[in-house]
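Working notes, structure below.
In our numbering, the protein residues as written are 3 to 896.
The following block contains the structure:
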């Protein structure tokens, strides 16, 4: 018996049927080991030694494979026919060698591009050894991606809070999206006019001709710049006589495109089916692995990760037979068509994506597939068969027309096309809906009969105003196309790269367009400013080319890593001296259109509109970057960066929006946006009162009445009939509430805050009290409000306890003074209460924390823990010990 290792269990089941009882086919379930997600998995100082890790699931699968191999006659490694597949085979073989189960057993590598009986049996009859250069290319790519990610990401965390990670290909793809957004922001629209005339032949047929020349000059696109020129030319055409100068009918041939590659399939599936790249690859994987059709499990398409555009000779023969049978002899060209790719750095090592059997038309396999599978298969089948069909024959007619008005003359042109023979376009006609053409069929319509030198009547002259538009944002399809053109990434990486950008919230998808999130733009601006080389398109493409040369055996992979690491490590070291102010200055300049959008009144967008004297600048906070005033704390204006690529922030606010004055205080009410969303503010400075918008309230719906009601909270409902104490309704961090005698009760909606009466309020309070202290049973009451962090660490909160509201920090609870509104407590007031209660003052606690951090770091380094988690545990323990020591010292007076 022989053991065959493939990647997926569904593939194993199918191949086992093809090979019979003398073979046992097992699945590795993809990669069996990987680099651990921790620092130190790639060791540059030890000539880039890589420390691999096998997870528990893979350990069990490898045990099953090892047990099967022990009593077998031979081992066949039949993973996917690409770099990743070669790497999986290498990993499996290396682990089996370490388990010492191979002995003198023959080990062979087999590859097949399609899961059909013929393809599999042919591969088994022609085995080879593992391709060492291909494995080297995998190792180099994996090491590069690891070194960039695990060295660049910590720089981002330290210098740019809120950023999550950076990657070798991911960061360059993100730069493409951000650069396009910058182009859009800096685009200046220009006016232009188009003129056309609706003309009539002597036979009464109408057609439209476009103005192409005037004043003895040829008009280019957008030559007519303003309404005055357009009106002058319109007047000329309104009074002109029209004569046909020439009619030229010219045959044009249109050739089909090549079969799909990974990139073009993802683009077509996005445009035609609305699939994103990940969905396209999921469905294609299933089509590749196969379905039970007519009692036999068979793969319907060839391998779907490829940049090759050529088909195997037997596939071309099959396509030509299908064309002859389904379309007729006229649709079959004399010779087969051969294609070569224009994509930069394309390997073309594998076939294009095609049906495994062209006789399986979409109609025949549709009953076995779900909707998405059937549609994607139809797309692949049509593209594959069209690639071998005859050219479409089109007659293109061009009519030149002279218009004269006194001594002034102008020229107009009408163009029409007629398909005389549809050729390959016939493959795109859906027989169920006659006339449905491919996305490529964009020819002009048919013109009526027009003869040279005949006079034409004018029905109407149209002058239409237009404005140039900025370049469109990338879709997934167009971004993949651009990456392919630049030589960035490879077929197997496109979908994963786009998913990473989305998962990291660096880009958001809106109407199938990729819009850079503010976090993504900050990361790109930082990398462009301080790691310019590593986000350059040419540098990344050149590195991809080196990886391809490694796979061809032309470069040593370790030397490529050495050359890269030398400069990259030096760049990382340089950032240690980088101050946050340097970062902010650079980002302010690079992201000026985003950070300082132009104002309608033409004022300086970098001057704070609240205080009028402060300079606005990017600030870095715990939750990322925001825009703030240099006069802080005297001026506390803040604004979020846009999260959707627009000039305004996510709430639609750029600057404070005036809503009118408070009739009781005379202070201005404004609608603003801060780091935590939109809010209402009354007045200015430290004493200004603020209230966040309740959930469900939209900034565009806020008027003076709503703002006044919100800022006037809490609202007195009335005196409790039993206690005689006031019941008030308000809005807190956790929603609307009632407050009575220091106790809180939740309300169902914000509307209740403004409408609840005394009787209902008394009932709600009684129901809350019946639930016991805090209304939540035993345990620590939930925080009503978080004020900030204590200088020694840990949050300071306001809570509602059995005996009323109190301030909490660690194990210190300090009751609020009687009558003090919990929602109005400031951090400074809370600190004073904590110190008075017996907690540590800021100065007494700051030093021990610093010492603890040092102790933790030293301990972590000395112990050299194997994981980050272990290091973090040691640091935390050391900090806790040092804090306790400091507290004991203070207590004893030492």
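Think of the CB as a built atom: it goes at the ideal place given N, C-alpha and C, for glycine as much as any other residue.
query, result
"Residue 362 beta carbon less than 9 Å from that of residue 302", "yes"
"DSSP state of residue 788 mapped onto helix, strand, coil", "strand"
"For residue 753 and residue 738, the rounded distance between their alpha carbons", "9 Å"
"Contact under 9 Å by Cβ, residue 731 with residue 749", "yes"
"Whole-angstrom distance between residue 540 and residue 709, CA atom to CA atom", "53 Å"
"Segment contact, 8 Å Cβ cut-off, at least three pairs: the segment 387-403 with the segment 420-427", "yes"
"Collapsed DSSP secondary structure at residue 306 in the structure displayed", "coil"
"4 or more residues per run - each alpha helix (DSSP H) lying fully within the segment 519-561", "520-532 and 539-553"
"Neighbourhood of residue 871 by C-beta distance below 6 Å, restricted to the same chain and skipping five residues each side", "Low confidence applies here, because residue 871 scores a pLDDT of 38, under 50, leaving its location unreliable; read the following figure in that light. Taken in chain order, the list of residues that qualify is empty."
"Residue 160 to residue 622 span [Cα, whole Å]", "11 Å"
"Which residues DSSP lists as bridging residue 726, in chain order", "Per DSSP, none; premise fails for residue 726."
"Nearest-angstrom Cα separation, counted from residue 795 out to residue 858", "At residue 858 the pLDDT is 37, less than 50, meaning the model places this residue with poor confidence and gives no usable figure here."
"CA nearest to the CA of residue 574, picked from 130, 840, 372 and 151", "151"
"Cβ-Cβ separation, residue 113 to residue 83 (assumed contact under 8 Å), whole Å", "4 Å"
"Neighbour-count burial assignment, residue 457, 16 or more Cβ in a 10 Å radius", "exposed"
"Per DSSP, cross-strand counterpart(s) of residue 398", "252 and 419"
"Residue range of the alpha helix (DSSP H) that includes residue 582", "582-592"
"Distance, residue 838 Cα to residue 823 Cα", "19 Å"
"Residue closest to residue 243, alpha-carbon to alpha-carbon, out of 406, 136, 287 and 412", "406"
"Distance between residue 713 and residue 855 (C-alpha atoms, nearest Å)", "The pLDDT assigned to residue 855 is 39, lower than 50, so where the model puts this residue is not dependable, and the model offers no usable value."
"Beta-carbon separation (whole angstroms), residue 473 vs residue 220, contact threshold 8 Å", "Contact doesn't hold; Cβ gap of about 26 Å is too wide."
"C-beta contact flag for residue 121 and residue 358 at 9 Å", "yes"
"Residue 159, DSSP secondary structure in three states", "helix"
"Separation of residue 100 from residue 477, as counted between CA atoms", "47 Å"
"Rounded straight-line distance, which links the Cα of residue 514 to that of residue 230", "39 Å"
"Contact belief for residue 464 with residue 208 at Cβ below 8 Å, rounded distance in angstroms", "With 8 Å as the limit, residue 464 and residue 208 do not qualify as a contact, their Cβ atoms being about 13 Å apart."
"For residue 167, the nearest candidate out of 403, 629, 529 and 720 (CA to CA)", "529"
"Span of the beta strand (DSSP E), counted from its first residue to its last, around residue 800", "797-803"
"Alpha-carbon to alpha-carbon, residue 136 and residue 56", "22 Å"
"Inter-residue CB distance, residue 271 and residue 381 (contact presumed, cutoff 8 Å)", "7 Å"
"Residue 448 to residue 257 span [Cα, whole Å]", "21 Å"
"Contact between the segment 324-338 and the segment 281-295 (3+ Cβ pairs under 8 Å)", "no"
"Exposure of residue 7, with buried meaning 16 or more beta-carbon neighbours within 10 Å", "buried"
"Residue 3 burial status per 10 Å Cβ neighbour count (16 or more: buried)", "exposed"
"Short Cβ contact (9 Å threshold) for residue 215 with residue 454", "no"
"Residue 295, DSSP secondary structure in three states", "strand"
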